[in-house]
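*Asks:* First the structure, which I've put down as structure tokens, then a few questions once you've had a look.
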Amino acid sequence: QPVHKPYPPLIIFVFLFAPLDLCHPGDGSLNGSPSLQAILFYTPRWLWKSWEGGKIHALMMDLDIGICSEIEKKQKKKLLLDYLWDNLRYHNWWAYRYYVCEFLSLCNVIGQMFLMNRFFDGEFMTFGLDVITHMEADQEDRMDPMIYIFPRMTKCTFYKYGVSGEVERHDAICILPLNVVNEKIYIFLWFWFIILTILTTLTIFYRIIIIFSPRMRVYLLRLRFRLVRRDAIEIIVRRSKMGDWFLLYRLGENLDSIIFRDVMQDLANRLHNNQHHRVPAEQAEGGAGGGGEEGRRRDEDDEDEHENDENEQPDPERCDAE
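In mature numbering (1 follows the signal peptide of the UniProt record, and there is no 0), the protein residues as written are -25 to -1, 1 to 297.
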């Protein structure tokens, strides 16, 4: 049977602007649905803005323009370099929260598909495929799925006072011209949801590869920032963690290319000349004395790095034997 339900005329704009008490007037079961969908779409962005806390904007220090005096530029580069050095290997949780937001975006798109499918009484999941099949079928055998879901004519019942003064009932056929627009909107939404699902899934696999492949991080930095020397990128990726790579990549997209090249080269030189990277004393005391999650994470990272440095040191007996 055709679905005789009122549908929002322009759901894309209703998603963004319709208030909760004005959606589908007269149909209480649908009130607030578009606004709920708009909130669900905006939630991952809101979470990331809250978690990011303006870190990238604070670290930029107007270095994206690069038009300033040499003294000011040198001071800002030194501040940025000192921050990267003091907080090296401690940005993983910051990056993982960004990846969580991307995963929530994927869950949201899939959830929206099921929500719309329930809204259409189980007809939305295959709506686009049914339309494609309908276009390829013979003229005599095909049944238009858009008319099946969005009927253009329906039976209407009117009540009015007759000559005797009593209420009379009249049945008539009503034209629903707005459903011609609705069917096109929902066809677009179906394909848009499918495209978003595919692209977001590919992004998730891309993030997984980045997490487990340092070589891919080196390749991406070289591909995106060609002014930075290869040996500098390899040193930074080898001595840092995935979160540091993510932060540097975001900084490189926002900083002046020459300034970013200088910062990366100075950071690589400092890492090369200081094989035993340690946390500053005030940060170490805060981590050990506070007993918080950040302090424990810093202590564990220092222990892991210390073990790696010991493993890299040459064996004295083996050197003597050689």
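Note that beta-carbon positions come from the ideal geometry of N, C-alpha and C, so glycine has one too. Model, not experiment: these values are computed from the prediction.
Can you tell me whether Ser215 is buried or exposed? The criterion is at least 16 other CB atoms within 10 Å of its CB, across all chains shown.
*Replies:* The residue is buried, with at least 16 neighbouring Cβ atoms inside 10 Å.
*Asks:* Determine the extent of the beta strand (DSSP E) in which Met36 is found, giving its start and end residues.
*Replies:* Premise fails: Met36 is in no beta strand (DSSP E) and is neither H nor E.
*Asks:* When the Cα atoms are used, what is the spatial distance from Thr175 to Ser80?
*Replies:* Near 8 Å, if we compare the C-alpha coordinates of Ser80 and Thr175.
*Asks:* Alpha carbon to alpha carbon, what distance is there between Ser25 and Val106?
*Replies:* Going from the Cα of Val106 to the Cα of Ser25 covers about 41 Å.
*Asks:* What number of angstroms, rounded off, separates the C-alpha of Ala243 from the C-alpha of Ser188?
*Replies:* Their Cα atoms are separated by approximately 20 Å.
*Asks:* Pop quiz: Ile185 and Met217 are said to be a contact at Cβ under 8 Å. What is the actual Cβ separation, rounded to whole angstroms?
*Replies:* Their Cβ separation, rounded to whole angstroms, is 7 Å, which keeps Ile185 and Met217 in contact under 8 Å.
*Asks:* Closer than 8 Å is the cut-off here; do at least three beta carbon pairs connect the region 226 to 239 with the region 200 to 211?
*Replies:* Yes, the region 226 to 239 touches the region 200 to 211.
*Asks:* Less than 8 Å between the beta carbons of Leu171 and Val84, yes or no?
*Replies:* Cβ atoms of Leu171 and Val84: closer than 8 Å.
*Asks:* Excluding the 5 residues preceding and the 5 following Tyr224 in the sequence, name in chain order all residues of the same chain whose CB lies nearer than 8 Å to its CB.
*Replies:* The residues are Leu195, Leu196, Arg199.
*Asks:* Go through its chain and collect everything with a Cβ distance to Ala207's Cβ below 6 Å, but skip five positions before and after it.
*Replies:* Result list for Ala207: Met239, Gln240, Ala243, in chain order.
*Asks:* In chain order, what residues of the same chain lie with their CB nearer than 8 Å to the CB of Phe78, ignoring the 5 residues before and after it?
*Replies:* Ile179, listed in sequence order.
*Asks:* What are the residues that DSSP puts in a beta bridge with Glu111?
*Replies:* Glu111 is not bridged to any residue.
*Asks:* At what residue ranges does the region 125 to 163 contain a whole run of the beta strand (DSSP E), taking only runs of 3 or more?
*Replies:* Counting whole runs of 3 or more residues, the region 125 to 163 contains the beta strand (DSSP E) stretches 128 to 136, 142 to 150.
*Asks:* Considering only the alpha carbon of each residue, which of Trp60, Cys149, Ile160, Phe133 lies closest to Ile211?
*Replies:* Checking every option, the nearest Cα to that of Ile211 belongs to Trp60.
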